[in-house]
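A.B. asks: Protein chains in written order, with the working numbering: chain R, 1 to 150; chain U, 1001 to 1267. Quick reminder that beta carbons are idealized off the backbone N, C-alpha and C, glycines included.
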Amino acid sequence: MLKNIQEWTLLLCIFGISALFGNWLGYDTAPMTAVPGMIVLILICLAGFILSDLIPIQFPSVAYIAIIGILVSMPWTPGAEYIVTWTNEIELLALTTPILAYAGISIGRSWADFARLGWRTLIVASLVLLGTFIGSALIAEVVLRFQGII
Amino acid sequence: MASDKAYGLWKDWKLHVVVLGIVIIAESIGQFSFTIGPGVVLLLPMLYAIVIGLVVFFTPFISEKQAKNAEPLIVLGVALLLAKIGVIIGPSLPEIIAAGPALLLQELGNLGTIFLALPIAIMLGLRREAIGMTHSVAREPNVGLIMDKFGINSPEGRGVMAVYIFGTVFGAVFMGLIAGFLATLTPLSPLSFAMASGIGSGSMMAAASGSLVGSFPEMEDSIVAFAGASNLLSLSTGLYLSIFVGLPLTEKLYAFMMRRKERKNNA
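Structure (C-alpha cells):
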C-alpha cells in the first residue's frame, strides 16, 4: 500500500510537471501560479486511488476521483472557493496534451494491427463513432429544449 | 489500478523526457483552425501531441518497453483530468441536476451507432462481424462482453476487436476533429454535443470536449461539466445498456435485415 502511494505520487508529479509546462507555454499561466491547483488535483487523485484500494467493491478508481472532485468543490462545501480558484489556473487542455502524447507513443504498438484493417472496417468504425455521437447529441438537444434549458 | 503490478515506472526518465518534449513542441505550435463550408475544424495541441507521439514511436528514442510503460501513464493522466473535471462539475452541480433528464436520456443515443453503422456494414458485405463492430463504441468493457458471449475467434469477436483497434489509434483524433466541426456546422447546441462527448472513453471524451471548448471558449465550464458528467454515466451504465438493449437490438436488426436481403435475392 505504502509502495503504491509512493509510486502513484511520483508518477502524478511527473505528469503534473509536463502539464504545468504546457499550461505555461499554451495558456500563459506561470508554473508557480498553477502549482497549488496541480497539488490539489494530485491529492484528489491519490485520495481516489486509496479509496478504491480500501473499498472492496468493484468500482473504477476514476469514478471515485471524479466524485471526490465534485464533493470538494460543491457550493455547499466549506473552503470550496479556494479549491475552485486554485484549480482554475490549470487549463483542461493543458492536461489533455500530455495524455495524448503518452497515448500516441503507446498506440505505436497497435499500429501494425491498425494498418491491417480493411477499408470497410475504417468506414464502419467511423460510422460507429459518428452514430453514437450524433445520436446522443440529438436526444440531448430535444430534452434540453423541452426543458427550456437551451 | 494499472500501476498495481508495475513499480518503478517513474524511473523510465527517457519516456517522460520525450513526453515533456512533445508537450513543449505541441503547445508552442498553438491552435490553428480552418473552415470547410460553414463548419470550423480546430487543430489543437493535443492532436499534434498524439501524432508526434506516434511518429516518435518509430524512432530509436522509444523502444517497445517505453510504449508499454506509457499505457499506465495514460490512466494516471485521465485520473488527473477527471479530478479537474470533478472540480468543474462541483460548482455547476445545480446546473447539472437541472439538466439531469437530458443527461440520462442521451445515454440512449449511444445506440445511434446501431441504426447508422449496422445497415451500412451489411450493405458493404460484412456479416456477423458487423454485430461485434456496431453494437457499441467497442471500448474495453464491450470487448469483454463480446468475447464472453461469442468467443475470441468468432466473427463477432474479430469485429469488435477491429473497431476497438480503430478507436484506440484513431478515436481521439477523429472525435477531436468532428466535435468542433459538427458543433459549428449544425444548429444543435454545443451543450448537446458536450453531453454526447461522454461516450465512455477518457481520451475520446477529452478530445471531443476539448475541441468544443476551443470552438466555444465562453461556454467552457458548462461544456466540461456536461461532458464529464455524461462520461461518468456512460462508464457506469454503458455496459448494462449494451447487455440489455444494445446487443439484443443489434442481433434483432441484423436478423431482420438479413431476412429481407434473402427474400430480395430469392425474388
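State whether the region 1019-1032 of chain U contacts the region 1159-1176 of chain U, with contact taken as three or more CB pairs (one from each stretch) at a distance under 8 angstroms.
C.D. replies: In short, these stretches do not touch, since the Cβ pair count stays below three.
A.B. asks: Would Val35/R pass as an interface residue toward chain U - the criterion being a Cβ-Cβ separation below 8 angstroms?
C.D. replies: Walking along the first sequence from the start, residue 35/R turns up at place 35. So no, Val35/R is outside the interface.
A.B. asks: For Gly1039/U, write down the residues that DSSP places opposite it in a beta bridge.
C.D. replies: Against the second sequence, residue 1039/U aligns to sequence position 39. DSSP, once it has assigned bridges, lists Ile1036/U as partnering Gly1039/U.
A.B. asks: So, using beta-carbon positions, are Gly69/R and Val1224/U closer together than 8 angstroms?
C.D. replies: To locate residue 69/R, count along the first sequence from 1; it is residue 69. To locate residue 1224/U, count along the second sequence from 1; it is residue 224. No, they are not a contact pair.
A.B. asks: So which residues of chain R does Leu1076/U contact, with C-beta pairs closer than 8 angstroms?
C.D. replies: As a first step, residue 1076/U is located in the second sequence; it is residue number 76 there, counting from the start. Those are Trp8, Leu11, Leu12, Phe15, Cys45, listed as they occur along chain R.
A.B. asks: Using a Cβ-Cβ distance under 8 angstroms, would Asn1142/U count as near chain R?
C.D. replies: As a position in the second sequence, residue 1142/U is number 142, starting the count at 1. By this cut-off, Asn1142/U is not an interface position.
A.B. asks: Assuming Ile14/R contacts Trp1010/U under a Cβ cut-off of 8 angstroms, what Cβ separation, rounded to an integer in Å, is found between them?
C.D. replies: The count along the first sequence starts at 1 and reaches residue 14/R at position 14. The count along the second sequence starts at 1 and reaches residue 1010/U at position 10. About 6 angstroms; that satisfies the 8 angstroms criterion.
A.B. asks: Could you spell out where the alpha helix (DSSP H) holding Leu1080/U opens and where it closes?
C.D. replies: The residue given as residue 1080/U occupies position 80 in the second sequence. Leu1080/U -> alpha helix (DSSP H) spans 1064-1089.
A.B. asks: Provide the residue span of the alpha helix (DSSP H) that contains His1016/U, from first to last.
C.D. replies: Here the question's residue 1016/U lines up with position 16 in the second sequence. Element bounds for His1016/U: 1013-1029.
A.B. asks: For Arg1263/U, would you say it is in contact with chain R, using Cβ-to-Cβ distances shorter than 8 angstroms as the test?
C.D. replies: Counting from 1 along the second sequence, the entry for residue 1263/U is found at position 263. Judged by the 8 angstroms Cβ criterion, Arg1263/U is not in contact with chain R.
A.B. asks: At a Cβ cut of 7 angstroms, what residues of the region 135-146 of chain R count as close to chain U, listed as they run along the chain?
C.D. replies: Residues passing the 7 angstroms Cβ filter: Gly135, Ser136, Ala137, Leu138, Ile139, Ala140, Glu141, Val143, Leu144.
A.B. asks: Can you list the residues of chain U that Ile68/R reaches, using a CB-CB cut of under 7 angstroms?
C.D. replies: Along the first sequence, one-based indexing puts residue 68/R at 68. Going along chain U in sequence order, the residues near Ile68/R (Cβ under 7 angstroms) are Gly1086.
A.B. asks: Under the three-state reduction of DSSP, which class applies to Gln147/R: helix, strand or coil?
C.D. replies: Start at 1 with the first residue of the first sequence, and residue 147/R comes out as number 147. If DSSP states are grouped into helix, strand and coil, Gln147/R belongs with coil.
A.B. asks: For the putative contact between Pro976/U and Leu1073/U, defined by C-beta atoms under 8 angstroms, what is the C-beta separation to the nearest angstrom?
C.D. replies: The shown model of chain U, from 1001 to 1267, leaves out residue 976/U, and the question about it has no answer.
A.B. asks: Quick one: is Gly1008/U buried, meaning 16 or more other Cβ sit within 10 Å of its Cβ, or exposed?
C.D. replies: By one-based count along the second sequence, residue 1008/U stands at place 8. With fewer than 16 other Cβ atoms within 10 Å, it is exposed.
A.B. asks: Would you please verify whether the beta carbon of Ala80/R is less than 8 angstroms from any beta carbon of chain U?
C.D. replies: By 1-based counting over the first sequence, the position of residue 80/R is 80. Output row for Ala80/R: interface = yes.
A.B. asks: Gly1077/U and Pro98/R: beta carbons closer than 8 angstroms?
C.D. replies: Along the second sequence, one-based indexing puts residue 1077/U at 77. Along the first sequence, one-based indexing puts residue 98/R at 98. Yes, Cβ-Cβ distance for Gly1077/U and Pro98/R is below 8 angstroms.
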